[in-house]
Amino acid sequence: MYSEKVMEHFQNPRNVGEIENASGVGTVGNAKCGDIMRIYFDIDDNQVIQDVKFKTFGCGAAVATSSMATELVKGKTIYEALEVTNKAVMEALDGLPAVKVHCSLLAEEAIHAALWDYAEKHNIKIEGLSKPKSDIGEEEEEEDY
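If you count by the working numbering, then the sequence shown holds residues 4 to 148, one letter each, in order.
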């Protein structure tokens, strides 16, 4: 069901924790499945992400996508981090089951939320960044339980 990379990032997640006085913090969740993801950025004066940490409450795929997302943005500029999509996270993990794709969407939105927080704290505008949603729903997937 899960790739070896997903299992590796779930069992040995990278960059777990939080950053005191972070440059930007993004928190997103999915009320439908209960996953909550928070990403912390330490961004230097050149707008490069020097450090990144995460805390995630959720399933194994949520932990794995958080871990991989932190790996993909570490050392990148804020504009390079903005380009990290849920598809890039999934590809880096060698795929996700269809029912877990929303976890990669959470990772992308958490990155955007942390960048948004950074921009607000530093009174700057990041071109191409729109205000993120705090609840990532799957409106098109209405299911009856």
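Note that CB positions come from ideal geometry on N, CA and C, so glycine has one too.
| Are residue 132 and residue 118 closer than 8 Å when you measure CB to CB? | Here residue 132 is taken as the residue at index 129 of the sequence shown, counted from 1. Here residue 118 is taken as the residue at index 115 of the sequence shown, counted from 1. Yes, they are a contact pair.
| request: Provide the residue(s) that pair with residue 47 in DSSP beta bridges, ordered along the chain. | output: Sequence index remark: in the sequence shown, residue 47 carries index 44 (1-based). Per DSSP, none; premise fails for residue 47.
| request: With a 10 Å radius around its C-beta and 16 neighbouring C-beta atoms as the bar for buried, classify residue 34 as buried or exposed. | output: Here residue 34 refers to the residue found at position 31 when the sequence shown is read from its first residue. Looking at its Cβ environment, which holds fewer than 16 other Cβ atoms inside 10 Å, residue 34 is exposed.
| said: If distances are taken between C-alpha atoms only, which option among 27, 21, 20 and 7 comes closest to residue 125? | reply: Here the question's residue 125 lines up with position 122 in the sequence shown. Of the candidates 27, 21, 20 and 7, the one whose C-alpha sits nearest the C-alpha of residue 125 is 27.
| message | Between residue 57 and the ligand COA, is there a pair consisting of the residue's CB and a ligand heavy atom that are separated by less than 7 Å? | response | Inclusion of the ligand COA in the displayed structure is not the case, the ligand content being empty and no account of it being possible.
| said: Taking 8 Å as the limit between beta carbons, can you name the residues of its chain near residue 111, skipping five residues before and five after? | reply: For the purposes of this step, residue 111 is taken as residue 108 along the sequence shown, with counting starting at 1. So the list reads 72, 87, 88, 89 and 92, once near-sequence residues are dropped.
| With 16 other CB atoms within 10 Å as the buried threshold, where does residue 102 fall? | As a first step, residue 102 is located in the sequence shown; it is residue number 99 there, counting from the start. Per the 10 Å Cβ criterion, exposed.
| task | Would you mind giving the Cβ-Cβ distance between residue 54 and residue 22, rounded to the nearest angstrom? I have them listed as a contact below 8 Å. | result | The residue labelled residue 54 in the question sits at position 51 within the sequence shown. The residue labelled residue 22 in the question sits at position 19 within the sequence shown. The pair is a contact, with the Cβ atoms about 6 Å apart (cut-off 8 Å).
| said: Going by C-alpha to C-alpha distance, which of 120, 129 and 6 sits closest to residue 30? | reply: Here the question's residue 30 lines up with position 27 in the sequence shown. Answer by Cα proximity: 120.
| message | What would DSSP say about residue 38, mapped onto helix, strand or coil? | response | Stepping through the sequence shown from its first residue, residue 38 is reached at position 35. It is a strand residue.
| field | Rounded distance between the beta-carbons of residue 57 and residue 18, thought under 8 Å | value | Indexing the sequence shown from 1 puts residue 18 at position 15. Indexing the sequence shown from 1 puts residue 57 at position 54. Correct: roughly 6 Å between the Cβ atoms.
| field | 8 Å Cβ cutoff met for residue 114 and residue 122 | value | Numbered from 1 along the sequence shown, position 111 holds the residue referred to as residue 114. Numbered from 1 along the sequence shown, position 119 holds the residue referred to as residue 122. No, the Cβ-Cβ distance between residue 114 and residue 122 is not below 8 Å.
| said: Using a Cβ-Cβ distance cut-off of 8 Å, determine whether residue 111 contacts chain B. | reply: The structure shown contains no chain B; it is built from a single protein chain.
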